[in-house]
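Chains as they are written, first to last, in the numbering used here: chain A, 90 to 394; chain B, 283 to 626.
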């Protein structure tokens, strides 16, 4: 065995007593360069995002104050109280609907449905996830506005939004109940509990954090959506007069005022602030998802280590 | 059936055992179809299909609202002229919108797949585990940024940059390539196909990355480790083991990403320029089917024909997304999608 000439950095091979010839050197060098070059793709994706976040922060933060959040838009000025509360109402109602239906349907699919029925249910839910938001919006307009001879209402917006959010809750709930360790299920059913008791007393506590993170995820998605709301919740710059009147919402504010001429500059600034609030809300919800998921992981480890 | 002695799949009715000698499958009593339990089960079985029921009602309501016989094959023609003053000469041809959708979604997807392949491979193969974990949550976070925010960013920040810096440079240096030759008036506003493609790429990358990443991670660890133990480098294991193993996921990720890109509405509307014409270059203003739906809805209040035409477009978009997603989901079927973030 000759000395490992020209392979000074291949310390592992030397330790192993291998004699790296030029070919090995080439293979390892190629591997290392790939390991350095491919992660550069992150730069291509993350740089624009950092630019976006920096820009929206620097536009919105200097003028963002408590009064912005607590006053209504008046004329070309005022604050964002109406859109903010509108988004809270819309997402709140939609989460209540999508959460109830999604959790019930997901738990049913995971526990009671026959394998074939569960397969079909999941496939259809995934297809609903892939349905363009604008198509869901058209559906909402026809089903909830036109055919009910009503106008744009907060109700219609919230229901349409809940259809859009539903499959996310459903998928996560289904996966959460499906991932309860079989030993727990067998022990519970073997001890004589009914499947309902098993779901409530055993599966739910284990699956709950994941279900919760699914709800947060759906809320984050719902809060940022625009297309399903435009033709159902309509638009009003003032707070909604009730559940049966058009409402204001953050994404709609951006949509309506993003291209105002600069002599209406304050509206443009307000729409930047609306975008900032949306991003903050969505990021907070997403971080909550990750924290809950982490807690869940730790909890499972505690239980079943 | 009973001769083979196959056990029924879990939850299925076991075959009724006739007079044959084969013993009944162990552990299951053939259910009485009128027992309280069977009736309850039949009544509750649609519960698991609630999302599917909503999907079906979307399809049904849009079909009921459709008046396709009003349009015929001219619907795919090039002239879009919803003439309000004289409805008899109004024509609804969506060819340019279809072209706009195909160009934006197609190019965005090519770019997104290149980027997300590199990112997914780095995450799974090359990056050390802490960095990989942080960057994974970061790419998942990107999926959560609302599309209207991407839109306003594209309109306010990127459009001026594109019109002053990027577009002139591209057309100057790459003008010999088809699609890049353009007169300065074409990129005066900065909005157009190229900006829409750029925004769409950033919006699709989190989804395709998550799909590819999960399919690479789903490979049994023994396969990878035995490759490494034999002395193969990470790249060789990737090429000979992981990529062949995950290769069916790539066309699926393409399809699911396409479904997302073609349905994206709000952000694209804000940056594409919204012109109804055949694009002459990458810098031309254009429109897609989705932006048509959102852009002309307000006028549709006054002209019922226009609303009918828009419903046809919505149906076409729905059909495209259903087909594309059905094909794409053949790989990323049940369950596997549950953890793939806000994507789709």
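Just so it is clear, CB atoms sit at the ideal spot from N, CA and C, and this is done for glycine as well.
**Prompt:** What three-state label does DSSP hand residue 317 of chain A in the structure shown?
**Reply:** When DSSP states are grouped into helix, strand and coil, residue 317 of chain A belongs to the helix group.
**Request:** Using three-state DSSP, classify residue 237 of chain A as helix, strand or coil.
**Result:** coil
**Prompt:** Between residue 626 of chain B and the rest of its own chain, which residues show a CB-CB distance below 7 angstroms, the 5 nearest in sequence each way excluded?
**Reply:** Below a pLDDT of 50, predicted positions are generally treated as unreliable, and residue 626 of chain B, at 33, falls in that range; no measurement from the model is reported.
**Prompt:** When burial is assigned at 16 or more other CB atoms within 10 Å of the CB, is residue 325 of chain B buried or exposed?
**Reply:** exposed
**Item:** Unbroken alpha helix (DSSP H) run spanning residue 155 of chain A, endpoints
**Value:** 155-159
**Prompt:** Where does residue 131 of chain A land, buried or exposed, given buried means 16+ other C-beta within 10 angstroms?
**Reply:** buried
**Message:** Comparing C-alpha positions only, which one of B:579, B:591, B:545, B:337 sits nearest to residue 384 of chain B?
**Reply:** B:545
**Prompt:** Taking Cβ to Cβ, would you say residue 296 of chain A is nearer than 7 angstroms to residue 266 of chain A?
**Reply:** yes
**Asked** Assuming residue 311 of chain A contacts residue 180 of chain A under a Cβ cut-off of 8 angstroms, what Cβ separation, rounded to an integer in Å, is found between them?
**Response** 5 angstroms
**Message:** Against chain B, does residue 90 of chain A count as a neighbour if the rule is that its beta carbon must be under 7 angstroms from one of theirs?
**Reply:** The pLDDT assigned to residue 90 of chain A is 41, lower than 50, so where the model puts this residue is not dependable, and the model offers no usable value.
**Request:** Consider the Cβ of residue 603 of chain B: report whether some Cβ of chain A lies at a distance smaller than 7 angstroms.
**Result:** yes
**Asked** Does the separation of the CB atoms of residue 436 of chain B and residue 564 of chain B fall below 7 angstroms?
**Response** no
**Asked** How about the region 201-217 of chain A and the region 242-261 of chain A: do they share at least three Cβ pairs that are nearer than 8 angstroms?
**Response** yes
**Message:** I want to know whether the region 313-328 of chain A touches the region 121-131 of chain A - three or more CB-CB distances under 8 angstroms.
**Reply:** No, the region 313-328 of chain A does not touch the region 121-131 of chain A.
**Request:** List the residues of chain B whose Cβ lies closer than 7 angstroms to the Cβ of residue 371 of chain A, in chain order.
**Result:** 426, 427, 428
**Message:** If I follow the unbroken alpha helix (DSSP H) through residue 437 of chain B, where does it start and stop?
**Reply:** From DSSP, residue 437 of chain B is part of no alpha helix (DSSP H); its letter is neither H nor E.
**Item:** Sequence-distant residues of the same chain with beta carbon closer than 7 angstroms to residue 414 of chain B, five excluded per side
**Value:** 405
**Prompt:** Is the Cβ of residue 394 of chain A closer than 7 angstroms to any Cβ of chain B?
**Reply:** The predicted position of residue 394 of chain A is uncertain, since its pLDDT is 42 and thus under 50; no value can be drawn from it.
**Message:** Residues of the region 520-554 of chain B in Cβ contact with chain A at a cutoff of 8 angstroms, in chain order, please.
**Reply:** 538, 541, 542, 544, 545, 546, 547, 548, 552
**Asked** Could you give the distance in angstroms between the alpha-carbon of residue 402 of chain B and the alpha-carbon of residue 420 of chain B?
**Response** 13 angstroms
**Request:** Identify which residue in A:380, A:271, A:303, A:337 has its Cα closest to the Cα of residue 161 of chain A.
**Result:** A:337
**Request:** May I ask you to verify whether the region 554-571 of chain B touches the region 193-200 of chain A, counting CB pairs closer than 8 angstroms and requiring at least 3?
**Result:** no
**Prompt:** How is residue 94 of chain A classed by DSSP in three states: helix, strand or coil?
**Reply:** Note on residue 94 of chain A: pLDDT 45, under 50, position unreliable in the model; no value is reported.
**Item:** Distance between residue 374 of chain A and residue 624 of chain B (C-alpha atoms, nearest Å)
**Value:** Annotation note: pLDDT 38 at residue 624 of chain B (below 50); position unreliable, coordinate value reported separately. Their Cα atoms are separated by approximately 12 angstroms.
**Prompt:** Which residues share a DSSP beta bridge with residue 373 of chain B?
**Reply:** B:363
**Asked** What is the C-beta distance between residue 575 of chain B and residue 223 of chain A, in whole angstroms, given that I count them as a contact (C-beta under 8 angstroms)?
**Response** 5 angstroms
**Request:** Using a Cβ-Cβ cut-off of less than 8 angstroms, give me the residues of the region 296-324 of chain A that come near chain B, in sequence order.
**Result:** Listed by position along the chain: 306, 309, 310, 312, 313, 314, 315, 316, 319, 320.
**Prompt:** Which residues in the same chain have their Cβ closer than 8 angstroms to the Cβ of residue 211 of chain A, if we skip the five residues on either side of it in sequence?
**Reply:** For residue 211 of chain A, where only same-chain residues beyond five positions count, the Cβ hits under 8 angstroms are 198, 260, 263.
**Request:** Indicate whether the contact test is met: 3 or more Cβ pairs, each with one atom in the region 345-363 of chain B and one in the region 314-334 of chain B, closer than 8 angstroms.
**Result:** no
**Prompt:** Which residues of chain B have a Cβ atom closer than 9 angstroms to the Cβ of residue 281 of chain A, listed in chain order?
**Reply:** Neighbours of residue 281 of chain A on chain B: none; closest Cβ ~16 angstroms, over 9 angstroms.
**Message:** Taking 7 angstroms as the threshold (C-beta atoms), are residue 599 of chain B and residue 317 of chain A in contact?
**Reply:** No; because the gap between Cβ atoms is not below 7 angstroms, this pair is not in contact.
**Asked** If you measure from the beta carbon of residue 382 of chain B to each beta carbon in chain A, is any gap under 7 angstroms?
**Response** By this cut-off, residue 382 of chain B is not an interface position.
**Asked** So which residues on chain B does residue 348 of chain A lean against when the C-beta distance must stay under 7 angstroms?
**Response** 437
**Prompt:** Which two residues bound the contiguous alpha helix (DSSP H) that contains residue 180 of chain A?
**Reply:** 170-200
**Request:** Could you check what DSSP says for residue 162 of chain A in three-state terms: helix, strand or coil?
**Result:** Strand, per DSSP.
**Request:** Go to residue 603 of chain B, then tell me how far its alpha helix (DSSP H) extends in each direction, as first and last residue.
**Result:** 586-610
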